[in-house]
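> Right, I'll just put the structure down here and ask away after.
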Amino acid sequence: MSLVAEAFVSQIAAAEPWPENATLYQQLKGEQILLSDNAASLAVQAFLQMCNLPIKVVCRANAEYMSPSGKVPFIHVGNQVVSELGPIVQFVKAKGHSLSDGLDEVQKAEMKAYMELVNNMLLTAELYLQWCDEATVGEITHARYGSPYPWPLNHILAYQKQWEVKRKMKAIGWGNKTLDQVLEDVDQCCQALSQRLGTQPYFFNKQSDGDPDRNKTGRQILTPERPAPPRVSQAISLQMPHTPWSAACGTDEVLAIRK
Amino acid sequence: MAAPMELYCWSGGWGLPSVDLDSLAVLTYARFTGAPLKVHKITNPWQSPSGTLPALRTSHGEVISVPHKIITHLRKEKYNADYDLSARQGADTLAFMSLLEEKLLPVLIHTFWVDTKNYVEVTRKWYAEAIPFPLNFFLPGRMQRQFMERLQLLCGEHSPENEEELEKELYQEARECLTLLSQRLGSQKFFFGDAPASLDAFVFGYLALLLQAKLPSGKLQAHLRGLQNLCAYCTHILSLYFPWDGADVPLARQTPVGPETEEEPYRRRNQILSVLAGLAAMVGYALLSGIVSIQRATPARAPSTQSLSIAEEDEDE
Chain C
1 MSLVAEAFVS QIAAAEPWPE NATLYQQLKG EQILLSDNAA SLAVQAFLQM CNLPIKVVCR
61 ANAEYMSPSG KVPFIHVGNQ VVSELGPIVQ FVKAKGHSLS DGLDEVQKAE MKAYMELVNN
121 MLLTAELYLQ WCDEATVGEI THARYGSPYP WPLNHILAYQ KQWEVKRKMK AIGWGNKTLD
181 QVLEDVDQCC QALSQRLGTQ PYFFNKQSDG DPDRNKTGRQ ILTPERPAPP RVSQAISLQM
241 PHTPWSAACG TDEVLAIRK
Chain U
1 MAAPMELYCW SGGWGLPSVD LDSLAVLTYA RFTGAPLKVH KITNPWQSPS GTLPALRTSH
61 GEVISVPHKI ITHLRKEKYN ADYDLSARQG ADTLAFMSLL EEKLLPVLIH TFWVDTKNYV
121 EVTRKWYAEA IPFPLNFFLP GRMQRQFMER LQLLCGEHSP ENEEELEKEL YQEARECLTL
181 LSQRLGSQKF FFGDAPASLD AFVFGYLALL LQAKLPSGKL QAHLRGLQNL CAYCTHILSL
241 YFPWDGADVP LARQTPVGPE TEEEPYRRRN QILSVLAGLA AMVGYALLSG IVSIQRATPA
301 RAPSTQSLSI AEEDEDE
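Just so you know, the protein sequences line up as chains C and U, in that order.
Mapping of the first sequence onto UniProt numbering: position 206 corresponds to residue 206, and the numbering continues sequentially without gaps.
Mapping of the second sequence onto UniProt numbering: position 317 corresponds to residue 317, and the numbering continues sequentially without gaps.
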């Protein structure tokens, strides 16, 4: 969002309270949604639950195209549409609900850094697993991504998306990584998060903006709600030793997401 | 150890030991840990063992070119700057490096390679002067294309109309990132106390490039100069770990003839080669088009070929 538009939106946002009929759009849960999109959606849901704001989840096959930035999930609040966790957090902050008010500057810096770590490492690893690992692509991703569309559109769209993701991987230097290297990176990242969490229930001792982001990926990897590709279960076995973090993800799930 | 480790990296400029971000970070880490590296400062990436810079040739002959892997290898060889860090500080390192990569790297690429004024006056000028003939004609352009593509993919698909907005957004995020770094550093000497760690090497790489290069449009530079503790941090590391590289700069300025005399034999050779090539082209054209023909055993042919060629020309006209 540009700076002017941002200021404009926050002004409008501040004017109205949170309505009862706010909706969150994502792809079809059972057949279409992929690991990374599901994780993002869970993060937003967790965040809104932590703020005690009611939200209804609606599944649409074309959610990706409905979104203003092309990414899911996005929320429809009043007469505004906001997509992706970052802008949603700012939007909610403009309405007066924020989880990070109690943090000092250094902690805010650390929070931003850890959020970037999750985005950088875990999200990229998820994308790699989904689109660059041939076994997963063939078995799961192609089938799921193109499921709502008729032939031949389902194949074309899936290949197009795969090509896009592979280009991005190459640009950031992950194109030549093998699966084992990616899993090693994921392990490193999880260890870092585990160290940071220690034995606390939340990363900064009380809920903050960054927690949903981290917990969603952890939860996603630990207990996928849809059939996990074989490689992901390998990743899961890597996560098991990091008990503090996995425990935190578990409790958070139980607390926050009740349907 | 069989042979000492050799590091190939971009040579220095603008008051820095190296003008490339990755090379600078690796060099700084090596200096922090006192690793006995043989450093080759070159300006021709094709001379490096892996084709890209920086590249490390280990004592076993293996070549590593990804900066993170170079640092991992140095750690394995017991040159570890992160030895004293607690596990939590190690986690912080990882997190802050991701922050740098996400927020500062796009802006650095944009400042040096995409912003037209900076690119033409500073970056391309330095690379074109430093890289030897004939690579200096196409290599800077190729590097720019690679960086621009990388930037585009990093920032997602944005239509060209809101390129200015994208720029503003990028710089806004970078400014926030710098402020965060400043807050995290506080008044400490290094990020984790009194001894430098790998995070310091990377942060120094980013900040030094932004601070030292004389950029005509340096919007981020102005913001960075406002953050006193980061500036002091940079100058401290530069003076402590790279004291003699600062002396190289005035030398280069005072003797601009210096690099030229080095190229003298190449220049002479290039001149002779180009004159020869020109002569050969002219003579070849003259022979082929019949303006000049070599008189051999049949002199009678010469005028007839000439008249034939003239007749052809008349026909064409």
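Note that beta-carbon positions come from the ideal geometry of N, C-alpha and C, so glycine has one too.
Could you give the first and the last residue of the continuous alpha helix (DSSP H) run that contains U:Ser-239?
Here residue 239 of chain U corresponds to residue number 239 of the second sequence, with the count starting at 1. Segment 228-241, the alpha helix (DSSP H) holding U:Ser-239.
> Please list the partners that U:Gly-90 has in chain C, where partner means a Cβ-to-Cβ separation under 8 Å.
Residue mapping note: residue 90 of chain U aligns to position 90 of the second sequence, counting from 1. Within chain C, the residues near U:Gly-90 are Ala-192 and Gln-195.
> I want to know whether the region 183-202 of chain U touches the region 141-151 of chain U - three or more CB-CB distances under 8 Å.
No, the region 183-202 of chain U is not in contact with the region 141-151 of chain U.
> Quick one: which unbroken alpha helix (DSSP H) runs of 4-plus residues sit fully inside the UniProt domain "Metaxin glutathione S-transferase" (174-237) of chain U? Chain order, please.
The qualifying runs are 198-212 and 219-226.
> Name the residue from U:Arg-175, U:His-73, U:Glu-62 and U:Leu-53 whose alpha carbon lies nearest to the alpha carbon of U:Leu-100.
Position 100 of the second sequence, counted from the first residue, corresponds to residue 100 of chain U. When only C-alpha atoms are compared, the closest one is U:Arg-175.
> Would you mind reading off the limits of the beta strand (DSSP E) that contains C:Phe-74?
As a position in the first sequence, residue 74 of chain C is number 74, starting the count at 1. Per DSSP, C:Phe-74 belongs to the beta strand (DSSP E) from 74-77.
> What is the DSSP secondary structure of U:Arg-142, reduced to helix, strand or coil?
Along the second sequence, read from residue 1 onward, the residue named residue 142 of chain U stands at position 142. Helix, per DSSP.
> With distances taken Cα to Cα, identify the nearest neighbour of U:Ala-138 among U:Pro-106, U:Asn-44, U:Asn-118 and U:Ala-81.
Within the second sequence, numbered from 1, the residue matching residue 138 of chain U stands at position 138. Here residue 138 of chain U turns out to be Phe, not Ala, going by the sequence shown. Selected option, being the one with the closest Cα: U:Asn-44.
> Cα separation between U:Arg-253 and U:Ala-213?
Position 253 of the second sequence, counted from the first residue, corresponds to residue 253 of chain U. Position 213 of the second sequence, counted from the first residue, corresponds to residue 213 of chain U. Caution is warranted here: a pLDDT of 42 is assigned to U:Arg-253, below 50, making its placement in the model unreliable, and no coordinate value can be reported.
> Report the CB separation of C:Val-72 from C:Ala-63 in whole angstroms; it is logged as a contact under 8 Å.
Translated into positions along the first sequence, residue 72 of chain C becomes position 72. Translated into positions along the first sequence, residue 63 of chain C becomes position 63. The pair is a contact, with the Cβ atoms about 5 Å apart (cut-off 8 Å).
> Whole angstroms are fine: how far does the CA of U:Leu-181 sit from the CA of U:His-223?
For the purposes of this step, residue 223 of chain U is taken as the residue at position 223 of the second sequence. For the purposes of this step, residue 181 of chain U is taken as the residue at position 181 of the second sequence. Going by the C-alpha atoms only, they are around 13 Å apart.
> So, under 8 Å CB-CB, C:Glu-105 and C:Ser-36 are touching, yes? Tell me the CB distance rounded to an integer number of Å.
Locating residue 105 of chain C in the first sequence gives position 105, counting from the first residue. Locating residue 36 of chain C in the first sequence gives position 36, counting from the first residue. Not quite, the Cβ-Cβ distance comes to about 31 Å (not below 8 Å), so this is no contact.
> Any chance the region 187-198 of chain C sits against the region 111-128 of chain C, with 3 or more Cβ pairs inside 8 Å?
These segments touch.
> Using a C-beta cutoff of 8 Å, does C:Cys-189 count as contacting chain U?
The residue you call residue 189 of chain C lines up with position 189 of the first sequence. Yes - at least one Cβ of chain U is within 8 Å of the one on C:Cys-189.
> May I ask you to verify whether the region 86-105 of chain C touches the region 136-148 of chain C, counting CB pairs closer than 8 Å and requiring at least 3?
No, they do not touch.
> Checking 8 Å against the spacing of the C-beta atoms, do U:Phe-204 and U:Thr-28 come in under that value?
For the purposes of this step, residue 204 of chain U is taken as the residue at position 204 of the second sequence. For the purposes of this step, residue 28 of chain U is taken as the residue at position 28 of the second sequence. Closer than 8 Å, so yes.
> What does U:Phe-96 reach in chain C if we use C-beta pairs closer than 7 Å?
On the second sequence, residue 96 of chain U is found 96 positions in, with the first residue counted as 1. Near U:Phe-96 (Cβ distances below 7 Å), the residues of chain C are Ala-113.
> Measuring alpha carbon to alpha carbon, tell me which residue in U:Thr-179, U:Gly-186 and U:Val-292 is nearest U:Leu-220.
As a first step, residue 220 of chain U is located in the second sequence; it is residue number 220 there, counting from the start. Per the Cα distances, U:Thr-179.
> Considering only C-alpha positions, which residue in the set U:Pro-36, U:Lys-38, U:Phe-242 and U:Lys-125 is nearest to U:Ala-201?
As a first step, residue 201 of chain U is located in the second sequence; it is residue number 201 there, counting from the start. Of the candidates U:Pro-36, U:Lys-38, U:Phe-242 and U:Lys-125, the one whose C-alpha sits nearest the C-alpha of U:Ala-201 is U:Phe-242.
> Between which residues of its own chain and U:Pro-49 is the CB-CB distance below 6 Å, once the five residues before and five after are set aside?
Counted from its first residue, the second sequence places residue 49 of chain U at position 49. Answer for U:Pro-49: Ala-55, Arg-57 and Val-63, listed in chain order.
> Could you check which residue in U:Tyr-8, U:Lys-69 and U:Tyr-79 has the C-alpha nearest to that of U:Ala-30?
As a first step, residue 30 of chain U must be located in the second sequence, where it is residue number 30. Nearest of U:Tyr-8, U:Lys-69 and U:Tyr-79 to U:Ala-30, Cα basis: U:Tyr-79.
> Within 8 Å, do at least three Cβ pairs link the region 71-89 of chain C to the region 21-34 of chain C?
Yes, the region 21-34 of chain C touches the region 71-89 of chain C.
> What does the alpha-carbon distance come out to for the pair U:Ser-11 and U:Ile-42?
Residue numbering aside, residue 11 of chain U sits at position 11 when the second sequence is read from its first letter. Residue numbering aside, residue 42 of chain U sits at position 42 when the second sequence is read from its first letter. Roughly 5 Å separates the two Cα atoms.
> Could you pull out every residue in the same chain whose Cβ sits closer than 7 Å to the Cβ of C:Ile-33, ignoring the five residues on either side in sequence?
Numbered from 1 along the first sequence, position 33 holds the residue referred to as residue 33 of chain C. Taken in chain order, the residues that qualify are Gln-26 and Gln-27.
> Can you tell me whether DSSP reads C:Lys-71 as helix, strand or coil?
Counting from one through the first sequence, the residue named residue 71 of chain C turns up at place 71. Looking at C:Lys-71 - three-state DSSP - the assignment turns out to be coil, as it is neither helix nor strand.
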